[in-house]
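Reading through the structure tokens given below for one structure.
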Amino acid sequence: MNPISEKENLNREIGVRSLSLAIINITIGTGIFVIPALIAESLGAAAILAYLVCGFLIFLIALCFAEVGSKTSVSGGLYEYIESAFGPYAGFMSSNLYWLGASVISDGAVANALVDTLKSFFPLLTNEIYRVLFFILIFGGLALLNIRNVKNGVRFVEFTAFGKLLPLVLLVLVGSYFVSPQNLNWTIEPTVSSIGSASLLLFFAFMGLETPLCNGGEIKNPKKTVPLGLFFGISGVLILYIGIQVVTQGVLGETIAEHKDAPLAAVSAIVFGKIGVTLIVITTAISMLGCLGGELLSVPRVLFASARDGLFPKFLAQIHPRFLTPHTAILFYASFGLLFSIFGGFKQLAILASASSLINYLAVMLATLKLRKNDTSTSENSFRVPGGILVPILAAIAIVWLLSNLTKEELISFIVFISIFSILFLFLKKLKKIS
Numbered sequence: 097m098n099p100i101s102e103k104e105n106l107n108r109e110i111g112v113r114s115l116s117l118a119i120i121n122i123t124i125g126t127g128i129f130v131i132p133a134l135i136a137e138s139l140g141a142a143a144i145l146a147y148l149v150c151g152f153l154i155f156l157i158a159l160c161f162a163e164v165g166s167k168t169s170v171s172g173g174l175y176e177y178i179e180s181a182f183g184p185y186a187g188f189m190s191s192n193l194y195w196l197g198a199s200v201i202s203d204g205a206v207a208n209a210l211v212d213t214l215k216s217f218f219p220l221l222t223n224e225i226y227r228v229l230f231f232i233l234i235f236g237g238l239a240l241l242n243i244r245n246v247k248n249g250v251r252f253v254e255f256t257a258f259g260k261l262l263p264l265v266l267l268v269l270v271g272s273y274f275v276s277p278q279n280l281n282w283t284i285e286p287t288v289s290s291i292g293s294a295s296l297l298l299f300f301a302f303m304g305l306e307t308p309l310c311n312g313g314e315i316k317n318p319k320k321t322v323p324l325g326l327f328f329g330i331s332g333v334l335i336l337y338i339g340i341q342v343v344t345q346g347v348l349g350e351t352i353a354e355h356k357d358a359p360l361a362a363v364s365a366i367v368f369g370k371i372g373v374t375l376i377v378i379t380t381a382i383s384m385l386g387c388l389g390g391e392l393l394s395v396p397r398v399l400f401a402s403a404r405d406g407l408f409p410k411f412l413a414q415i416h417p418r419f420l421t422p423h424t425a426i427l428f429y430a431s432f433g434l435l436f437s438i439f440g441g442f443k444q445l446a447i448l449a450s451a452s453s454l455i456n457y458l459a460v461m462l463a464t465l466k467l468r469k470n471d472t473s474t475s476e477n478s479f480r481v482p483g484g485i486l487v488p489i490l491a492a493i494a495i496v497w498l499l500s501n502l503t504k505e506e507l508i509s510f511i512v513f514i515s516i517f518s519i520l521f522l523f524l525k526k527l528k529k530i531s
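Position in the sequence shown (from 1) plus 96 gives the number in the working numbering.
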């Protein structure tokens, strides 16, 4: 790993609790509020199989992230792991795939979804001017919060994590009393193909575990914090997701197809009455806001790390002299998020964002093998995945299987994205030699 360590001059404020909640917060975004109905559409009550497939895969991936993450005490997350294993080009590609392909675009979509969720309560948001002002307020406020102190960003993430978790846990616990056992009978025979397609869709709701690890330079005792934070965070997400799917299917039954846009709101209306709809709308808004807050807390550290290593412009590696945060990287990232939010949409790009995440996950699995081979330290210095090379290889195979479900058009879009940034890397490399 890159032995930069304390030279970054960042404050270490993130412990096991904060990391676990950050993972839960960033992972439970908008997807789980609509995906239960979409998964049930193809698998019915057998949708639980897709959750088990995704749960198995995400734990394999988390184990590899725990190993490589426990070996570094600098910022950058998956960029740092991939760049250390495969060099500047791989680092450059992973950084751009992550911050632009997988984060900024999805942030724009989340921000627009947040406005759409709130406009029933605040009709002014249907006006384009007020919509843009709302985006400026959200991204500007979150940027300022994270610039002033990393602890502010951490506390905001913890607050929104609890704000979304408590209502969802309450919905699962109370909703279980409204479950009809016959609604959980398998009426659709699952196939390998249907499980694969459903798992690819569902996996979108599990993405995000790597985001809080971008704050490597601000994590206390990575050897302990990273593995425990990943374990508690992913376990919490998986248990809650399965509970939500079972309750949603058990309460709505065959009528679940009639509530594709808001299945949890439909369940909440049955369980809690009219106030239930308001409750789930507020929870959805908190979830989206927390997701954006988590992104602003962590993703700018990828830009910071890339600039620190000379792959991005040096101004992005600046540290605020008073607040000790990468303020220029935060402002740069927030500005792009604001831009994509204002122009909105990008459905095809959202799919590209998911493919970008999977490719980066695949690269981290391979980096786990490479870095382990190159590591001469003892196992006491960092966490080591049990089972030798079995875990990263199994995870890599599963990721390739999921990517095989992409359409031809989506694959072409992804190849174009890779090609553009490959040309940009060569241009910047040549420019750097000339200068």
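Beta carbons are placed, not taken as given, at the ideal position from N, Cα and C, and that holds for glycine. Fair warning: this is a prediction, and the values are worked out from it, not measured in the lab.
Can you give me the start and stop residues for the alpha helix (DSSP H) that residue 371 sits inside? 370-394
I'd like the span of the alpha helix (DSSP H) that includes residue 254, first residue to last. 246-271
Name the DSSP beta bridge partners of residue 495, please? Note: residue 495 sits in no beta bridge, so no partner.
Could you give the DSSP three-state label for residue 234: helix, strand or coil? helix
Buried or exposed: residue 370, going by 16 or more other Cβ atoms within 10 Å of its Cβ? exposed
Kindly indicate which residue of 214, 242, 341 and 255 has the alpha-carbon position closest to the one of residue 116. Minimum Cα distance to residue 116 is reached at 255.
From residue 131 to residue 236, what does the alpha carbon distance come to, in whole angstroms? 30 angstroms
Which same chain residues, not among the five before or five after residue 364, have their C-beta less than 7 angstroms away from its C-beta? 267, 372, 373, 375 and 376
Pick helix, strand or coil for residue 366, following the three-state DSSP scheme. Taken through DSSP and simplified to helix, strand or coil, residue 366 comes out as helix.
Got a sec? Which residues, its chain only, sit under 7 angstroms from residue 457 by beta carbon, not counting five neighbours each side? 157 and 495
Which word fits residue 475, buried or exposed, when buried means at least 16 other C-beta atoms lie within 10 angstroms of its C-beta? Note that residue 475 scores a pLDDT of 48, beneath 50, so its modelled location is shaky; the value from the coordinates is reported in the next line. It counts as exposed.
Using beta-carbon positions only, say whether residue 329 and residue 305 come within less than 8 angstroms of one another. yes
Residue 454 and residue 498 look like a contact to me (Cβ under 8 angstroms); what is the Cβ gap, rounded to whole Å? 6 angstroms
Using the Cβ count rule (16 or more neighbours within 10 Å means buried), how would you classify residue 179? That one is buried.
Kindly indicate the opening and closing residues of the alpha helix (DSSP H) around residue 406. Note, residue 406: premise wrong, no alpha helix (DSSP H); not H, not E.
Option in 111, 500 and 159 with minimal Cα separation from residue 462: 159
How would you call residue 515, buried or exposed, if buried means at least 16 neighbouring beta carbons within 10 angstroms? The residue in question, residue 515, is exposed, as its Cβ has fewer than 16 Cβ neighbours within 10 Å.
So the candidates are 120, 177, 139 and 199; which of them puts its Cα closest to the Cα of residue 353? Residue 353 has its Cα closest to that of 139, out of 120, 177, 139 and 199.
Unbroken alpha helix (DSSP H) run spanning residue 317, endpoints: From DSSP, residue 317 is part of no alpha helix (DSSP H); its letter is neither H nor E.
Give the DSSP bridge partners of residue 110, in chain order. 315
CB residue 222 to CB residue 381, shorter than 8 angstroms? no
Could you check if residue 195 is buried or exposed, using at least 16 other CB atoms within 10 Å of its CB as the buried criterion? buried
Cβ separation of residue 366 and residue 228, assumed to be a contact under 8 angstroms, to the nearest whole Å: No, residue 366 and residue 228 are not in contact; Cβ-Cβ is about 37 angstroms, not under 8 angstroms.
Does DSSP put residue 288 in a helix, a strand or coil? helix
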